[in-house]
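Here's the structure, in structure tokens; my notes come after.
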Amino acid sequence: MQTLLVYKDSYSELTKAAWAVLRNPDATMQWYIIPILLIFIYIVSKEISEGHIKAVCAGAALWLVDIWNEIWNSYICAVSGHAPVWGTPPGSVEGVGLAGQSSAFDILIGYNIEISFMFFIMGIASCLMLPKDKKAKILGINNRVFFALVMTTLCVAVECFLNYANVLTWEWSFWQRSCPWVLWIIGYLPFFSAAYYTYDRPTNKKALQTVGCLAALDIVGIIVGACLNWI
Amino acid sequence: MSVILNIADYAGALWILIGATVIDLSIVGVAFKDFLSKGDKAEAPAEEKKED
Numbered sequence: 004m005q006t007l008l009v010y011k012d013s014y015s016e017l018t019k020a021a022w023a024v025l026r027n028p029d030a031t032m033q034w035y036i037i038p039i040l041l042i043f044i045y046i047v048s049k050e051i052s053e054g055h056i057k058a059v060c061a062g063a064a065l066w067l068v069d070i071w072n073e074i075w076n077s078y079i080c081a082v083s084g085h086a087p088v089w090g091t092p093p094g095s096v097e098g099v100g101l102a103g104q105s106s107a108f109d110i111l112i113g114y115n116i117e118i119s120f121m122f123f124i125m126g127i128a129s130c131l132m133l134p135k136d137k138k139a140k141i142l143g144i145n146n147r148v149f150f151a152l153v154m155t156t157l158c159v160a161v162e163c164f165l166n167y168a169n170v171l172t173w174e175w176s177f178w179q180r181s182c183p184w185v186l187w188i189i190g191y192l193p194f195f196s197a198a199y200y201t202y203d204r205p206t207n208k209k210a211l212q213t214v215g216c217l218a219a220l221d222i223v224g225i226i227v228g229a230c231l232n233w234i
Numbered sequence: 017m018s019v020i021l022n023i024a025d026y027a028g029a030l031w032i033l034i035g036a037t038v039i040d041l042s043i044v045g046v047a048f049k050d051f052l053s054k055g056d057k058a059e060a061p062a063e064e065k066k067e068d
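Keeping their order, the protein sequence lines are chains A and B. Its first residue numbered 4, the first sequence is counted upward by one per residue in the working numbering. Its first residue numbered 17, the second sequence is counted upward by one per residue in the working numbering.
What follows is the structure, encoded as structure tokens:
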């Protein structure tokens, strides 16, 4: 598969390793991704069959906002010639003490197929745990805001662990475990905000329209990135 | 010269980061405004019923 992202000698060692397996299923594909695909299909089919269309739309919204972040992460890698803000390099990079596991398929420089399934399912799950009354308050604040803050905090904690375990690499000084609030604001709060906003749209049609707007943003980002060899 | 180009590259990355942050925070702003709005949308239940 063609790699659009232009190779640069100035890339960090981790970025070079991630670039080498970017959209390269010959080198990375593994069987386990097929059962995960089926589990994903089962979850989405079940929710649709039970009439939870807005929960599926919310999952799609969270997934699409993540893709937006993954697109600009690729842009930063290409434009800086240094590294993406976050990367998912394969295991056993020479001279770097990484964990020995790799993704089955790296879609973008910091985005793999496992992350993709995870975010869609997380969007659905995080909406199914919401109270029915969108105006209800928890500890004095709106429950949607409360859940967005709690889920964001939990996700940032997991990200910090993944970084600690060397399966998610951060090479920019502003994006480190020492300043997790940056991840909190840019990395995760928009995800849950978009998911809950979509879930609370008054009709299924409006929820689908919201998903359509986010998809349009991503499509433009992908087209621009592809034309400029930035993704 | 290469140092100047390098700074220009990093400046480009910074601008991308700023633009992306603005879009991400706009998403949060739109959502939170909706969560915290006090007015109920009167047309919503009727429309939902029609869809069901």
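Built from N, CA and C at the ideal position, the CB exists for glycine as well.
Distance between B:A36 and A:I188 (C-alpha atoms, nearest Å)
12 Å
Let me know if A:I167 comes out buried or exposed under the rule of 16 or more other beta-carbons within 10 Å of its beta-carbon.
It should be pointed out that residue 167 of chain A corresponds to Tyr in this sequence rather than to Ile. Result: exposed.
Cutting at 8 Å between CB atoms, please list the residues of its own chain near A:Y35, excluding the five before and the five after it.
A107
List the residues of chain A that B:I43 touches, going by C-beta distances under 7 Å, in chain order.
V68, P193, S196 and A197
Chain C contacts from the stretch 132-150 of chain A (Cβ-Cβ distance under 7 Å):
The structure shown contains no chain C; the protein chains it does contain are A and B.
For the putative contact between A:I74 and A:I225, defined by C-beta atoms under 8 Å, what is the C-beta separation to the nearest angstrom?
6 Å
Excluding the five sequence neighbours on either side, which residues of its own chain have a C-beta within less than 6 Å of the C-beta of A:A229, listed in chain order?
L7
Is the stretch 168-182 of chain A in contact with the stretch 22-30 of chain A, if contact means three or more CB pairs nearer than 8 Å?
no
Would you mind reading off the limits of the alpha helix (DSSP H) that contains A:D69?
I56 to S83
Considering only heavy atoms of the ligand NAP, does any lie closer than 6 Å to the CB of A:L131?
The ligand NAP is not part of this structure, which contains no ligands at all.
For my contact list, A:G90 and A:G113 are in at a C-beta cut-off of 8 Å; report their separation, rounded to the angstrom.
5 Å
Expressed to the nearest angstrom, what Euclidean distance is found between the alpha-carbon atoms of A:K208 and A:K11?
45 Å
For a quick check, are the C-beta atoms of A:P92 and A:L17 less than 7 Å apart?
yes
Proximal residues of chain B, C-beta to C-beta of A:W184 below 8 Å
None at all; the shortest Cβ gap to chain B is about 13 Å.
Please tell me whether B:A27 has its Cβ less than 7 Å away from any Cβ of chain A.
no
Quick check on the DSSP output: the beta strand (DSSP E) that includes A:L211 runs from which residue to which?
It is not in any beta strand (DSSP E) - A:L211 instead sits in the alpha helix (DSSP H) that spans N207 to C230.
Quick one: complete alpha helix (DSSP H) runs, 4+ long, within the stretch 130-174 of chain A?
146-167
Residues of chain B with CB under 7 Å from A:G126, in chain order?
Neighbours of A:G126 on chain B: none; closest Cβ ~13 Å, over 7 Å.
C-alpha distance - A:I3 paired with A:I116, whole-angstrom precision:
Only positions 4 to 234 of chain A appear in this structure, which leaves residue 3 of chain A out of reach.
Less than 8 Å between C-beta atoms, sequence neighbours within five positions excluded: which residues of the same chain meet that for A:W178?
V88, W89, V185 and L186
Beta carbon proximity, A:W75 to chain B, threshold 7 Å:
yes
What residue from A:S13, A:F120, A:D109 and A:P134 has the CA that sits closest to A:Y202's CA?
A:P134
Determine, using beta carbons only, whether A:S52 comes closer than 7 Å to chain B.
no
Please name the residue, chosen from A:A219, A:P205, A:L231 and A:C216, that lies closest to A:A58 on a Cα-to-Cα basis.
A:P205
Just how far apart, CA to CA, sit A:S77 and A:S15?
14 Å
How would you call A:G190, buried or exposed, if buried means at least 16 neighbouring beta carbons within 10 angstroms?
buried
Within a Cβ cutoff of 7 Å, which residues of the same chain sit near A:I44, ignoring the five residues on either side of it in sequence?
none
Within the 7 Å Cβ cut-off, does A:Y114 reach chain B?
no
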